[in-house]
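> Chains as they are written, first to last, in this note's numbering: chain C, 29 to 335; chain B, 37 to 433; chain X, 85 to 468. One structure coming up, written as structure tokens, with questions to follow.
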Amino acid sequence: MDILLQQIINGLVQGSVYALVALGYTMVYGILGLINFAHGEVVMIGAMLALSSLTALLGWGVPLLLALPVSVVLAMLGCMVLGYGIERIAYRPLRHAPRLAPLITAIGVSIVLQNLAMMIWGREYHAFPQLIANTPHNIGGAIINNIQIIIFVLALTIMAGLMAIVHRTRLGRAMRAVAEDQHAAQLMGVDINRVISITFMLGSGLAAIAGIMVSANYGLAYYYMGFILGLKAFTAAVLGGIGNLRGAMLGGLLLGLIESLGAGYIGDLTGGFFGSNYQDVFAFFVLIAVLVFRPSGLLGERLAERA
Amino acid sequence: MSQHSMRSLLSFTIVPVLLSVALYGCEKSPTTGQDTSGDLVVRIGASAPLTGPQAHLGKDNENGTRMAIDDANAKGIMIGGRKAHFELISEDDQADPKTATIVAQKLVDDKVNGVIGHLNSGTTIPAAKIYSDNGIPQISPSATAVAYTAQGFKTAFRVMANDAQQGHVLGEYAAKNLGAKRIAVIDDRTAYGQGLADQFIKSAEANGAKIVAHEYTTDKAMDFTAVLTAVKGKKPDLLFYGGMDAQSGPMMKQVKALALKTKFMTGDGGYTPEFIKLAGAAAEGAYASLPGVPLDKMPGGKAFADRFIAKYGPIQLYAPYCYDAVNVMIAAMQKAGSADPAKYLPALADITYDGVTAKIQFDQKGDLKGGAITLYQVQHGKWVPLETLGAAKTASN
Amino acid sequence: MSLKIPKCFPKMKPNSKSKLLLIAFGIALLLLPFITDALLGRGWVRIVDFAMLYIMLALGLNIVVGYAGLLDLGYIAFFAVGAYCYALTNSPHLAQAFPVVFHLGVHLPFWIVLPMAALIAGGFGVLLGAPTLRLRGDYLAIVTLGFGEIIRIFLNNLDAPINLTNGPQGISFIDPISVMGVSLNKTQHFLGIAFPSVHLYFYLFLAFTALVIFVSQRLERSRIGRAWMAIREDEVAASAMGINTRNLKLLAFAMGAMFGGASGALFAGFQGFVSPESFSLTESIMVLCMVVLGGMGNIAGVVLGGVLLALLPEVLRNIVVPLQQSLFGRTLIDPNSLRMLLFGSALIVMMLYRPAGLLPSRVRRRELGGDEPAAEESVYDATH
Chain C
29 MDILLQQIIN
39 GLVQGSVYAL
49 VALGYTMVYG
59 ILGLINFAHG
69 EVVMIGAMLA
79 LSSLTALLGW
89 GVPLLLALPV
99 SVVLAMLGCM
109 VLGYGIERIA
119 YRPLRHAPRL
129 APLITAIGVS
139 IVLQNLAMMI
149 WGREYHAFPQ
159 LIANTPHNIG
169 GAIINNIQII
179 IFVLALTIMA
189 GLMAIVHRTR
199 LGRAMRAVAE
209 DQHAAQLMGV
219 DINRVISITF
229 MLGSGLAAIA
239 GIMVSANYGL
249 AYYYMGFILG
259 LKAFTAAVLG
269 GIGNLRGAML
279 GGLLLGLIES
289 LGAGYIGDLT
299 GGFFGSNYQD
309 VFAFFVLIAV
319 LVFRPSGLLG
329 ERLAERA
Chain B
37 MSQHSMRSLL
47 SFTIVPVLLS
57 VALYGCEKSP
67 TTGQDTSGDL
77 VVRIGASAPL
87 TGPQAHLGKD
97 NENGTRMAID
107 DANAKGIMIG
117 GRKAHFELIS
127 EDDQADPKTA
137 TIVAQKLVDD
147 KVNGVIGHLN
157 SGTTIPAAKI
167 YSDNGIPQIS
177 PSATAVAYTA
187 QGFKTAFRVM
197 ANDAQQGHVL
207 GEYAAKNLGA
217 KRIAVIDDRT
227 AYGQGLADQF
237 IKSAEANGAK
247 IVAHEYTTDK
257 AMDFTAVLTA
267 VKGKKPDLLF
277 YGGMDAQSGP
287 MMKQVKALAL
297 KTKFMTGDGG
307 YTPEFIKLAG
317 AAAEGAYASL
327 PGVPLDKMPG
337 GKAFADRFIA
347 KYGPIQLYAP
357 YCYDAVNVMI
367 AAMQKAGSAD
377 PAKYLPALAD
387 ITYDGVTAKI
397 QFDQKGDLKG
407 GAITLYQVQH
417 GKWVPLETLG
427 AAKTASN
Chain X
85 MSLKIPKCFP
95 KMKPNSKSKL
105 LLIAFGIALL
115 LLPFITDALL
125 GRGWVRIVDF
135 AMLYIMLALG
145 LNIVVGYAGL
155 LDLGYIAFFA
165 VGAYCYALTN
175 SPHLAQAFPV
185 VFHLGVHLPF
195 WIVLPMAALI
205 AGGFGVLLGA
215 PTLRLRGDYL
225 AIVTLGFGEI
235 IRIFLNNLDA
245 PINLTNGPQG
255 ISFIDPISVM
265 GVSLNKTQHF
275 LGIAFPSVHL
285 YFYLFLAFTA
295 LVIFVSQRLE
305 RSRIGRAWMA
315 IREDEVAASA
325 MGINTRNLKL
335 LAFAMGAMFG
345 GASGALFAGF
355 QGFVSPESFS
365 LTESIMVLCM
375 VVLGGMGNIA
385 GVVLGGVLLA
395 LLPEVLRNIV
405 VPLQQSLFGR
415 TLIDPNSLRM
425 LLFGSALIVM
435 MLYRPAGLLP
445 SRVRRRELGG
455 DEPAAEESVY
465 DATH
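This is the structure we're talking about:
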């Protein structure tokens, strides 16, 4: 029983990590309908920037309580500038190009960022400093630590914050207008370029936070970490209904749970024929099954077929 | 429209320009074996992943190879009565089998006298065929798959124990010396991790231990809590991981975080400073093996390590093996009095050389003969050698 | 949109000049391996061989993405299926794994294995197509991506409980391809000229590439091809016009997969070793880049995209170091990270300059060139 509980906790923590990355992903998608393949790399850059500034600040004797927020802000600012730049250089010129053109530039951006990071931070794996005391809490025989609780709470908070922005503010209204119909939004006086830039910066700032939390949780940062995170976040976002903030959260948590329960129990369920090596297969089968019955994801709107 | 045609013009000129520059680059690549000064030019090819997830290990390999070549040039080695000048041609194989064959062919075209590489088994196996077809000796510093030397190529050698040799020693040590009765195994489903884990299981079972769980992860994973929790449910007294440091480090940390009370053991892929760095305090007490004898127990080993660290930073993993591989190759050339692959290949096959990692001799297949394997444990944040084993017993399997 | 697409393809007028050009081009292609070998070295012949495999793959994917407009991010799976078909039927692996059943080893001739690999891959194409018929755009993308990963994971793990694929260790000792009793693995002499192995493979791959181009061309201009394009442009309208969208989508997946499977079989014979790591997601993405960058739906464009992206990393490999040395006198930046950096930048720059691909298909060119705003094609199309 404590094993099952532990697996659920593992799944929720892993799922919150996916959700954190997926929120930024889906944010951009919701407004622009663009699969931002480079999002995972922005997450990585966020983690790396935070790592560098943390190491530097701690090295100068700045106390952690001060160094941490400064580093988080620096990483967020860095990623926002990066996100703005990516949109300006690689996506904006292609706004009226065929659908797949920005997908290719996104792949290009992702390769460039990865190799730039390799030049700057080197090829090795970096240990990420421990940010808070890692006291384990015991819940019914299962163990969870502080940073994991923070990740879970943070993911929920960010989702709520984003929803408030999108649904309660003027900016949010402009975003929704742009998502609905760019031309009409423009006619109504919405500065499309500004809204899209802000969306990208918001998404990239979130990516920085996600990167820091991932690195803090696993205690490592390296230039290649963005790829797999981006992939999982994409999967999670689609599972929940891409473009939908609550969907990203739900999809992330579900994917985490599916993975951990899958890894934990496939072996027993199939009499040892399949083991945890089929964890991803299991996750993708669930995804396909969901999409067969709900082609727009769990919480995705049922789009009228385009005529 | 004019802008449009300008653009198309631009993109169509880029291609020929790039190609012609490439052509120029290739033309410059030397085609004769002689320097103008009359020195004998010996080209050593090297290949490892220098981009992608294993780039840190690939770079380490390149550094080890480069240091051996710099040393040889500084020493002024004579081959067949002529002063030899060694050149390194290092190529990125991206850990991709297809790219590896392209790189192998390129090295052959560059008329290398021998090759140090590749890093992974998956790249070494297909590349070996090309080296063999062209009669170029190849020494892999790190490929451990049994299949590499089982292909029957006379040109294929390695200065690393293979999975069977290492897994055998590890399984025996776990069951006998550490007294493990219930063993859990996790592997990363790469050719290396799976190969080593399978051999470990065979040997551990043969020595009376029971495998209570066999779980899997990937070489890109960061989160192992799910499989570790599954392992915890089986209450093992030893956990073996077949895979690299980038996973075993964080895994070790998660083992401690989940209060999984078990001994932790891994192969050469875990014997790195990165493992300790990534696992932090949790690394304490972990076991790992490394083929060969500890560096500071070998003549010249300590000096090598000091010089390497001063020049390139900490040794990641296989740099000493690359260093040995180059030196073995050069020693064979000296013995044969020629850097011609066809002439020094027989000398290489029956060489005896005291390297910094071990005394190097090859068996019929090109595997390391009677390779010693050393077990290490993390004590006070450092890898400390415990015991060197297996020198006599590795012939089995 | 009307379905009279054939109007967009004015008939080729084979005048004597273009005929001559074509013959000259053909001769140049036939001499290519020898010229490349003499000027650049044999490594480049091998690179060109791989480029041809990529062209075949890209043309196969072009059917799915370019003609039928279905975004496929797991295409390499069919390549993998084809490669493993060849590997299993032409290596001692099955005999070692199941000594009772295959005690003599399986060594099927090339001409049987190749269609078999294509058919099996085609079957997998239908298998992938069936659950995805209702999905669109990015939902389709993630499912195909998942499918590609599922195939790779199965190949990587089916060494236990029964050893079908030999798992991560891969299958080695694969027989080389031999055509009519002539092994392509050794230097052969015809008419007193020595043809090294890579040259022989070049001619084999060239023949298959020509075949794939021919089939693609016929498909494009056939009823089926026009129906695919109708589905691509507007699925609802297409089905209203009486097109059986379900069968045609499945057919697109199957045809694309068959091309992939056949080139996979060629790859296995050429390489002599297959392992799951050759069929990763990045490979799928690379093939997609070739199709999109070259010009979706246009055969010449796709071929150009395949050639460019297959050669570019290798070209960069050879220029990065000399270029730095001539500029700065020494190697300042690590050549390998710089190489991939330049490759990524090239993807961005080429796409920015030619958003519809280097050689866009005529339909697209007309759409983009006309006065009508291209809003219909926009990524930012406000469907959400």
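Here a beta-carbon is modelled for each residue, glycine too, at the ideal position from N, C-alpha and C. Since the structure is predicted, the reported quantities are computational estimates derived from the model, not experimental observations.
Tell me, please, whether the CB atom of X:Met-140 is closer than 7 Å to any CB atom in chain B?
For this step, residue 140 of chain X is matched to residue 56 along the third sequence. With 7 Å as the cut-off, X:Met-140 does not count as an interface residue toward chain B.
> Using 8 Å as the Cβ pair cut-off and three pairs as the minimum, do the segment 33-43 of chain C and the segment 63-75 of chain C touch?
With the cut-off at 8 Å, the segment 33-43 of chain C and the segment 63-75 of chain C do not touch.
> Could you tell me whether any non-hydrogen atom of the ligand GTP is closer than 6 Å to the CB of X:Pro-444?
This structure lacks the ligand GTP, and indeed carries no ligand of any kind.
> Tell me, please, whether the CB atom of C:Ser-324 is closer than 7 Å to any CB atom in chain B?
What you label residue 324 of chain C is simply residue 296 of the first sequence in a count that begins at 1. C:Ser-324 does not count as touching chain B.
> Give a yes or no on contact between the segment 114-125 of chain C and the segment 90-106 of chain C, applying the rule of three or more CB pairs nearer than 8 Å.
no
> Is the beta carbon of B:Asn-170 sitting closer than 7 Å to the one on B:Ala-211?
On the second sequence, residue 170 of chain B is found 134 positions in, with the first residue counted as 1. On the second sequence, residue 211 of chain B is found 175 positions in, with the first residue counted as 1. No; because the gap between Cβ atoms is not below 7 Å, this pair is not in contact.
> Pull the bridge partners of B:Met-301 from the DSSP assignment, please.
Here residue 301 of chain B is taken as the residue at index 265 of the second sequence, counted from 1. According to DSSP, which records beta bridges pairwise, B:Met-301 is partnered with B:Phe-276 and B:Tyr-323.
> Flag this pair as yes or no: are the beta carbons of X:Ala-346 and X:Ala-202 separated by less than 7 Å?
For the purposes of this step, residue 346 of chain X is taken as residue 262 along the third sequence, with counting starting at 1. For the purposes of this step, residue 202 of chain X is taken as residue 118 along the third sequence, with counting starting at 1. Yes; because the gap between Cβ atoms is below 7 Å, this pair is in contact.
> Between the beta-carbon of B:Phe-193 and the beta-carbon of B:Gly-402, is there less than 7 Å?
For this step, residue 193 of chain B is matched to residue 157 along the second sequence. For this step, residue 402 of chain B is matched to residue 366 along the second sequence. It is a contact, given that the beta carbons lie within the stated cut-off.
> Give me, in chain order, the residues of the same chain whose beta-carbon lies closer than 8 Å to that of C:Leu-85; leave out the 5 immediate sequence neighbours on both sides.
Position 57 of the first sequence, counted from the start, is the residue given in the question as residue 85 of chain C. So the qualifying residues of the chain are Leu-94, Ala-95, Val-98 and Ser-99.
> Whole angstroms are fine: how far does the CA of C:Gly-269 sit from the CA of C:Leu-144?
In the first sequence, residue 144 of chain C corresponds to position 116, counting from 1. In the first sequence, residue 269 of chain C corresponds to position 241, counting from 1. For C:Leu-144 and C:Gly-269, the distance between alpha carbons rounds to 32 Å.
> Can you tell which of X:Leu-124, X:Asp-156, X:Ser-429 and X:Leu-442 has its C-alpha closest to the C-alpha of C:Gln-142?
Start at 1 with the first residue of the first sequence, and residue 142 of chain C comes out as number 114. Per the Cα distances, X:Ser-429.
> Which residues in chain C sit within 7 Å of B:Ala-282, going by Cβ to Cβ distance?
The residue given as residue 282 of chain B occupies position 246 in the second sequence. Near B:Ala-282 (Cβ distances below 7 Å), the residues of chain C are Tyr-153.
> Determine which residues share a DSSP beta bridge with B:Pro-421 and list them.
In the second sequence, the residue the question calls residue 421 of chain B occupies position 385. Paired residues: B:Tyr-412.
> Per DSSP, what are the beta-bridge partners of B:Glu-127 in this structure?
Here residue 127 of chain B refers to the residue found at position 91 when the second sequence is read from its first residue. B:Glu-127 pairs with B:Ser-83.
> In this structure, how does DSSP classify B:Tyr-307 when only helix, strand and coil are distinguished?
Mapped onto the second sequence, residue 307 of chain B falls at position 271. Three-state DSSP puts B:Tyr-307 in coil, outside helix and strand.
> May I ask you to report which of helix, strand or coil DSSP gives X:Ile-377?
Here residue 377 of chain X refers to the residue found at position 293 when the third sequence is read from its first residue. It is Leu, not Ile, that sits at residue 377 of chain X in the sequence shown. For X:Leu-377, the three-state secondary structure derived from DSSP is helix.
> Assuming B:Asn-198 and B:Val-221 form a contact by the criterion Cβ under 8 Å, report the distance between their Cβ atoms to the nearest whole angstrom.
Stepping through the second sequence from its first residue, residue 198 of chain B is reached at position 162. Stepping through the second sequence from its first residue, residue 221 of chain B is reached at position 185. With a Cβ gap of about 19 Å, B:Asn-198 and B:Val-221 do not count as contacting.
> Give me the Cβ distance between B:Ala-262 and C:Ser-288, rounded to the nearest whole Å; I'm assuming they're in contact under 8 Å.
The residue labelled residue 262 of chain B in the question sits at position 226 within the second sequence. The residue labelled residue 288 of chain C in the question sits at position 260 within the first sequence. Beta-carbon to beta-carbon, B:Ala-262 and C:Ser-288 are separated by about 4 Å, close enough to satisfy the 8 Å threshold.
> Opposite B:His-250 in the DSSP bridges: which residues?
In the second sequence, the residue the question calls residue 250 of chain B occupies position 214. B:Val-221.
> Could you say if the segment 318-325 of chain B and the segment 334-348 of chain B meet the contact criterion of at least three C-beta pairs nearer than 8 Å?
no
> For a contact defined as C-beta to C-beta under 9 Å, what are the partners of X:Ser-440 on chain C?
For the purposes of this step, residue 440 of chain X is taken as residue 356 along the third sequence, with counting starting at 1. A quick correction: the sequence has Ala, not Ser, at residue 440 of chain X. By Cβ distance, chain C contributes Ala-125, Pro-126 and Ala-129.
> If you reduce the DSSP assignment to three classes, tell me which class C:Gln-176 lands in.
As a working note, residue 176 of chain C is residue 148 in the first sequence. The answer is helix: DSSP assigns C:Gln-176 an H, G or I state.
> Give me the subset of the segment 290-311 of chain C whose CB atoms are less than 7 Å from a CB atom of chain B, sorted by chain position.
Ala-291, Gly-292, Gly-303, Ser-304 and Asn-305
> Taking X:Phe-274 as part of the alpha helix (DSSP H), name the residues at either end of that continuous run.
For the purposes of this step, residue 274 of chain X is taken as residue 190 along the third sequence, with counting starting at 1. That residue, X:Phe-274, is in no alpha helix (DSSP H); its beta strand (DSSP E) goes 272-274.
> Within its chain, find whatever has a CB closer than 7 Å to the CB of X:Asn-250; leave out the 5 residues flanking it on each side and keep chain order.
Residue numbering aside, residue 250 of chain X sits at position 166 when the third sequence is read from its first letter. His-177 and Asp-243.
> Between which two residues does the alpha helix (DSSP H) containing X:Phe-109 stretch?
As a position in the third sequence, residue 109 of chain X is number 25, starting the count at 1. For X:Phe-109, the enclosing alpha helix (DSSP H) has its first and last residue at 100-124.
> Identify which residue in C:Ile-114, C:Gly-87, C:Gln-176 and C:Ala-311 has its Cα closest to the Cα of C:Ser-232.
Translated into the one-based positions of the first sequence, residue 232 of chain C becomes position 204. Of C:Ile-114, C:Gly-87, C:Gln-176 and C:Ala-311, the residue nearest in Cα terms is C:Ile-114.
> Quick one: what does DSSP say B:Gly-153 is sitting in, helix, strand or coil?
Stepping through the second sequence from its first residue, residue 153 of chain B is reached at position 117. If DSSP states are grouped into helix, strand and coil, B:Gly-153 belongs with the strands.
> So does the segment 223-241 of chain X actually touch the segment 132-147 of chain B, counting three or more Cβ pairs closer than 8 Å?
no
> CB-CB under 8 Å to B:Ile-345, same chain, minus the five flanking residues each way: which ones, in chain order?
To locate residue 345 of chain B, count along the second sequence from 1; it is residue 309. Closer than 8 Å at the Cβ level, and outside the excluded window around B:Ile-345, lie Ile-351.
> Give the DSSP bridge partners of X:Pro-360, in chain order.
Numbered from 1 along the third sequence, position 276 holds the residue referred to as residue 360 of chain X. Note: X:Pro-360 sits in no beta bridge, so no partner.
> Using a Cβ-Cβ cut-off of 8 Å (strictly less than) and excluding sequence neighbours within five positions of C:Met-187, which residues of its own chain qualify?
On the first sequence, residue 187 of chain C is found 159 positions in, with the first residue counted as 1. Cβ neighbours of C:Met-187 beyond the five flanking positions: Ala-47, Leu-51, Leu-273, Arg-274, Ala-276 and Met-277.
> Is X:Gly-381 near X:Gly-389, with beta carbons less than 7 Å apart?
Working through the third sequence from its first residue, we reach residue 381 of chain X at position 297. Working through the third sequence from its first residue, we reach residue 389 of chain X at position 305. Contact flag unset, no.
> Applying the 10 Å Cβ sphere with the 16-neighbour rule, what's the burial state of C:Ala-317?
For the purposes of this step, residue 317 of chain C is identified with residue 289 of the first sequence, where counting begins at 1. C:Ala-317 should be labelled exposed.
> Which residue marks the beginning of the alpha helix (DSSP H) containing X:Arg-283, and which one marks its end?
Translated into the one-based positions of the third sequence, residue 283 of chain X becomes position 199. Here residue 283 of chain X is His; the residue named in the question, Arg, does not match the sequence. From DSSP, the alpha helix (DSSP H) with X:His-283 extends over 281-305.
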